[in-house]
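Chemist: This is the structure, below, for whatever I ask next.
There are 2 protein chains.
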Amino acid sequence: MEEKQDSLLSGVKEIARRAKVSRATVDRVIHNRPGVSVKTKNRINAIIKELDYQPNVLAQRLALTSRGIIRLAVLLPDISEETEYWKAPLEGINKAEAEIKQYGLQVDYYFFDQNVQSVFALQVQQIMENNPDGVLITPTFEPDSIRLLEYCKTKKIPCVLMNSDIAGQHRLCYIGPELFDSGYLSAQLVHYCLKDQQKVMIVNIAREIENNAAILVKEEGFLAYFKEKLSERLLVALNTTDTRHHAVAARLNELLELESHIGVIYVTNSRVSLVAQWLESIGRSDIILIGYDYLAQNIEFLKRGVIDFLLCEKPQEQGYRSVMTLFQFLVFGTLVKEDYLIPIDIITSANYRYYRN
Amino acid sequence: MEEKQDSLLSGVKEIARRAKVSRATVDRVIHNRPGVSVKTKNRINAIIKELDYQPNVLAQRLALTSRGIIRLAVLLPDISEETEYWKAPLEGINKAEAEIKQYGLQVDYYFFDQNVQSVFALQVQQIMENNPDGVLITPTFEPDSIRLLEYCKTKKIPCVLMNSDIAGQHRLCYIGPELFDSGYLSAQLVHYCLKDQQKVMIVNIAREIENNAAILVKEEGFLAYFKEKLSERLLVALNTTDTRHHAVAARLNELLELESHIGVIYVTNSRVSLVAQWLESIGRSDIILIGYDYLAQNIEFLKRGVIDFLLCEKPQEQGYRSVMTLFQFLVFGTLVKEDYLIPIDIITSANYRYYRN
DNA sequence: CTTAATTTCGTGCACGTGCCCTGTGTCTCT
DNA sequence: AGAGACACAGGGCACGTGCACGAAATTAAG
Numbered sequence: 001m002e003e004k005q006d007s008l009l010s011g012v013k014e015i016a017r018r019a020k021v022s023r024a025t026v027d028r029v030i031h032n033r034p035g036v037s038v039k040t041k042n043r044i045n046a047i048i049k050e051l052d053y054q055p056n057v058l059a060q061r062l063a064l065t066s067r068g069i070i071r072l073a074v075l076l077p078d079i080s081e082e083t084e085y086w087k088a089p090l091e092g093i094n095k096a097e098a099e100i101k102q103y104g105l106q107v108d109y110y111f112f113d114q115n116v117q118s119v120f121a122l123q124v125q126q127i128m129e130n131n132p133d134g135v136l137i138t139p140t141f142e143p144d145s146i147r148l149l150e151y152c153k154t155k156k157i158p159c160v161l162m163n164s165d166i167a168g169q170h171r172l173c174y175i176g177p178e179l180f181d182s183g184y185l186s187a188q189l190v191h192y193c194l195k196d197q198q199k200v201m202i203v204n205i206a207r208e209i210e211n212n213a214a215i216l217v218k219e220e221g222f223l224a225y226f227k228e229k230l231s232e233r234l235l236v237a238l239n240t241t242d243t244r245h246h247a248v249a250a251r252l253n254e255l256l257e258l259e260s261h262i263g264v265i266y267v268t269n270s271r272v273s274l275v276a277q278w279l280e281s282i283g284r285s286d287i288i289l290i291g292y293d294y295l296a297q298n299i300e301f302l303k304r305g306v307i308d309f310l311l312c313e314k315p316q317e318q319g320y321r322s323v324m325t326l327f328q329f330l331v332f333g334t335l336v337k338e339d340y341l342i343p344i345d346i347i348t349s350a351n352y353r354y355y356r357n
Numbered sequence: 001m002e003e004k005q006d007s008l009l010s011g012v013k014e015i016a017r018r019a020k021v022s023r024a025t026v027d028r029v030i031h032n033r034p035g036v037s038v039k040t041k042n043r044i045n046a047i048i049k050e051l052d053y054q055p056n057v058l059a060q061r062l063a064l065t066s067r068g069i070i071r072l073a074v075l076l077p078d079i080s081e082e083t084e085y086w087k088a089p090l091e092g093i094n095k096a097e098a099e100i101k102q103y104g105l106q107v108d109y110y111f112f113d114q115n116v117q118s119v120f121a122l123q124v125q126q127i128m129e130n131n132p133d134g135v136l137i138t139p140t141f142e143p144d145s146i147r148l149l150e151y152c153k154t155k156k157i158p159c160v161l162m163n164s165d166i167a168g169q170h171r172l173c174y175i176g177p178e179l180f181d182s183g184y185l186s187a188q189l190v191h192y193c194l195k196d197q198q199k200v201m202i203v204n205i206a207r208e209i210e211n212n213a214a215i216l217v218k219e220e221g222f223l224a225y226f227k228e229k230l231s232e233r234l235l236v237a238l239n240t241t242d243t244r245h246h247a248v249a250a251r252l253n254e255l256l257e258l259e260s261h262i263g264v265i266y267v268t269n270s271r272v273s274l275v276a277q278w279l280e281s282i283g284r285s286d287i288i289l290i291g292y293d294y295l296a297q298n299i300e301f302l303k304r305g306v307i308d309f310l311l312c313e314k315p316q317e318q319g320y321r322s323v324m325t326l327f328q329f330l331v332f333g334t335l336v337k338e339d340y341l342i343p344i345d346i347i348t349s350a351n352y353r354y355y356r357n
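Quick mapping for you: the protein sequence lines, in order, are chains A and B.
Heads up, the first sequence is in full-length UniProt numbering, so the first residue is 1 and it goes up one at a time.
Heads up, the second sequence is in full-length UniProt numbering, so the first residue is 1 and it goes up one at a time.
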């Protein structure tokens, strides 16, 4: 025995003392390594349970520092002017990276243009060739995403999906909002604001609407609410794949001509600022405008009362949490029980100051 | 020199190697301890800056384990049936405690009845006698709270205020919502929901209304919105210090008799479930109801559509963050730049599933 | 110049864990 | 009886930091 017999030693030492074995043996039991008889194993496990032993996370990580580096592959849309949104998840990822890089972790970034599927496919290929220890992707294009997921499954590489999900695929977890309920919630807000005899316009602005799962699911949720509580006849839809301002404005003018009793407009993504700009230009401050995401330009319109509600889903936290989940899993083997569904936050001009993305 | 000359040692060792001194000297410089010549100090500081040295938090804490325990005093309302709300901050505090107790930290709890000032005063006295290293309080009664704050100031004990603030007092920081804007936001929601010719009822239910800073400030914010955007004449006020259900219901019935065109009711605290119960009993599902806090009973009414909006201010996170702030300050000397204003979240039947207190 | 006082700096241990090595005793099979 | 497999003991190193103690260098006092 190397230990003093009296005191409240913590951790493995104490277990070893009580079980009258050495630290090494306790260590073997804790890590399920061979070389321990069943009898001893049981005895040690009983003591572990009795003491409710929790390993000292600090010491654990510290000890792990000396081992080899772990490489994470992160696949994200790049940050163009038109998709400023993706800055936020990236910031979250950077933050997580900064926190854990000193513990032997490295993040490799792969970017793609959301409008160009071939680049996405290429980056997926790259990731597979580089053989990372963990993967984090936003599955913008489903077929290639599934290819990557299959690869991860066979290689037993944990993969986290972020921002939108793919049903029925094997993955470590999904971290992001429940998009259906996001649309449903929007409809509920619309309902509260809607006066008698007014109609609602639902606006999709994106280069690829049919391939954009996020938009489609939100719209589905939105429609579901109207079917359930109101009537689909109150809805007027507008889709435009031309995302330039004048094109959007033209379509909106056109439609407003036909439907004069629009009381609320719901935009299914962060492009709501285009509609806000238009609304302001035609001087219609009476129309309620609901859209997505805590972006600088959206907040400006929110302050001025042009945009009334912004729905936000903590993109920064999504990024941060995704990386941390991979980290926890790879380093400590923390098993992930379920998806982490991000809250759907409602932001107005009265509470945006306190929001944290 | 004890170091190998070649490689990428991290941390203090590397600095020591470059400065051609020992780790201990670097250590002294980092912690501003005496015993280092000005020349050496400058040289080391330059290298620290050059390398952008960040201490390894893990190793830091680990090393601190051996030192004496730090005691935190926490002063909270106790959890009675009528104030279930306080369970949440307590849970947050417990969570933080669990995380940091293995690093030599201990939390002492002091509870009081929100209706009995004398107990509060007594507990304040107790805290001062026990001479803690850090203090966390919810300043329900202002005079005694100020007494404690003065004590902390002279003794240089850090003190965090949670849930509501006291203006102009010296303290480490305030962690909680901006209550004025909370009321203001409620009024904004009311405005969106209000139909023509409808009036709004504002309801205060509490034993002590005049002494309850939280209620008063929220009400102020609410009124401010109406003065600014609508008219005070649309408001009907109801105060009751009798918090039993039948008393509240009686007062509500009375008032509804006089004012038949009530379209929205705003309850300034978590007692909103009392109003919800009454609304349901008289079968008025048309009246919009807005109140506070993610409590089980409130959520039940939210699900059933009796309550329409709940404003929530992450009470659990408030507790967690308060303790962690004290911990960071006491253990690492992390200086606290400013108050942490908690977001004001809007919860409806469509997004409550994803809310995290 | 010598000696004491003071300043300046180095060494070694501790924190709890993971993982390696060597040695020793025990049991089983040939 | 000898060989091999197994179950452990015991020690050691590493991770990066904080700190007590002692050694060395410098300065002040005699």
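Think of the CB as a built atom: it goes at the ideal place given N, C-alpha and C, for glycine as much as any other residue.
Show which residues of chain B have a CB atom less than 7 Å away from the CB atom of I48(A).
Modeler: Near I48(A) there are no residues of chain B at all, since even the closest Cβ is about 16 Å away, more than 7 Å.
Chemist: What residues in the stretch 64-76 of chain A have a beta carbon less than 7 Å from any beta carbon of chain B?
Modeler: Of all residues in the stretch 64-76 of chain A, none has a Cβ within less than 7 Å of some Cβ in chain B.
Chemist: Return the chain-ordered list of same chain residues with a C-beta closer than 7 Å to the C-beta of L256(A), the five sequence neighbours on each side being excluded.
Modeler: Counting only Cβ-Cβ distances below 7 Å, and skipping sequence neighbours, we find I262.
Chemist: Can you say whether N253(A) is buried or exposed, counting buried as having 16 or more other CB atoms within 10 angstroms of its CB?
Modeler: Exposed is the call here.
Chemist: Taking the straight line between their C-alpha atoms, what separation do you get for K101(A) and L238(A)?
Modeler: Rounded to whole angstroms, K101(A) to L238(A) spans 46 Å at the Cα level.
Chemist: Are there three or more Cβ pairs, one per stretch, closer than 8 Å when the stretch 173-184 of chain A is compared with the stretch 336-348 of chain B?
Modeler: Touching, no, given that fewer than three Cβ pairs across the two stretches are closer than 8 Å.
Chemist: Tell whether a beta-carbon distance below 7 Å holds between T240(A) and R207(A).
Modeler: No.
Chemist: Label S164(A) either buried or exposed according to how many other C-beta atoms from any shown protein chain fall within 10 Å of its C-beta, with 16 as the threshold for buried.
Modeler: S164(A) is buried by the Cβ-count criterion.
Chemist: Would you call the CB atoms of residue 363(A) and L279(A) closer than 7 Å?
Modeler: Nothing about residue 363(A) can be reported from this structure: the residues present for chain A run from 1 to 357 only.
Chemist: For P343(B), return the contacting residues in chain A, with the cut-off set at a CB-CB distance below 8 Å.
Modeler: Those are D345, N351, Y354, Y355, R356, listed as they occur along chain A.
Chemist: Would you say the stretch 85-104 of chain B touches the stretch 32-47 of chain B, given that touching needs at least three Cβ pairs under 8 Å?
Modeler: Short answer: they don't touch.
Chemist: Can you list, in chain order, the residues of its chain with a C-beta nearer than 7 Å to that of F120(A)? Leave out the 5 residues immediately preceding and following it.
Modeler: F112, T140, F141, D144.
Chemist: Curious, which full-length alpha helix (DSSP H) runs of at least 4 residues does the stretch 83-149 of chain B contain?
Modeler: Complete alpha helix (DSSP H) runs here, min 4: 87-100, 117-130.
Chemist: For N357(B), does the three-state DSSP call read helix, strand or coil?
Modeler: Of the three classes helix, strand and coil, the one that applies to N357(B) here is coil, per DSSP.
Chemist: Give a yes or no on whether the minimum CB-CB distance between Y192(A) and chain B is below 7 Å.
Modeler: True, the Cβ-Cβ gap to chain B drops below 7 Å.
Chemist: Using Cβ-Cβ distances below 7 Å, what residues of the stretch 134-149 of chain B are close to chain A?
Modeler: Listed by position, the residues of the stretch 134-149 of chain B near chain A (Cβ gap below 7 Å) amount to none.
Chemist: Any C-beta of chain B sitting closer than 7 Å to the C-beta of K337(A)?
Modeler: Chain B contact via Cβ: absent.
Chemist: Taking Cβ-Cβ distances shorter than 7 Å, what residues in chain A pair up with A59(B)?
Modeler: L62, listed in chain order.
Chemist: For A73(A), report the span of its beta strand (DSSP E) as first-last.
Modeler: First-last of the beta strand (DSSP E) with A73(A): 70-77.
Chemist: Just checking: is the beta-carbon of Q188(A) within a distance shorter than 7 Å of some beta-carbon in chain B?
Modeler: Q188(A) counts as touching chain B.
Chemist: If we ignore side chains and look at the alpha-carbon of each, how far apart do D339(B) and F329(B) end up?
Modeler: Near 14 Å, if we compare the C-alpha coordinates of F329(B) and D339(B).
Chemist: By DSSP, does G263(A) sit in helix, in strand, or in coil?
Modeler: If DSSP states are grouped into helix, strand and coil, G263(A) belongs with the strands.
Chemist: Under a CB-based cut-off of 7 Å, is L161(A) close to chain B?
Modeler: For L161(A), the answer is no, since every Cβ of chain B falls outside 7 Å of its Cβ.
Chemist: Could you tell me which chain B residues have their CB closer than 8 Å to the CB of D27(A), listed as they occur along the chain?
Modeler: Near D27(A) there are no residues of chain B at all, since even the closest Cβ is about 18 Å away, more than 8 Å.
Chemist: Skipping 5 residues on each side, what residues in its chain have a beta carbon closer than 6 Å to that of K218(A)?
Modeler: Only L179, S182, G183, T268 meet the Cβ criterion.
Chemist: Output the boundary residues of the alpha helix (DSSP H) element that contains L216(A).
Modeler: Counting along the chain, the alpha helix (DSSP H) containing L216(A) begins and ends at 213-229.
Chemist: Helix or strand or just coil, what does DSSP make of Q5(B)?
Modeler: Below a pLDDT of 50, predicted positions are generally treated as unreliable, and Q5(B), at 38, falls in that range; no measurement from the model is reported.
Chemist: Measuring only between beta-carbons, confirm whether T348(B) sits less than 7 Å from chain A.
Modeler: It does: the Cβ of T348(B) has a partner Cβ on chain A nearer than 7 Å.
Chemist: Under three-state DSSP, which class holds L295(B)?
Modeler: Note: L295(B) maps to coil in three-state DSSP.
Chemist: Would you tell me roughly how many angstroms separate the C-alpha atoms of V12(B) and P158(B), rounded to the nearest one?
Modeler: Roughly 30 Å separates the two Cα atoms.
Chemist: Roughly how many angstroms lie between the CA atoms of Q123(A) and N211(A), to the nearest whole one?
Modeler: Q123(A) and N211(A): Cα-Cα distance of roughly 19 Å.
Chemist: On the DSSP bridge assignment, give the partners of T240(A) in chain order.
Modeler: T240(A) is bridged to I205(A).
Chemist: Ordered along the chain, which non-local residues of its own chain (more than five positions away) have a Cβ less than 7 Å from that of Q188(B)?
Modeler: Here the set comprises Y225.
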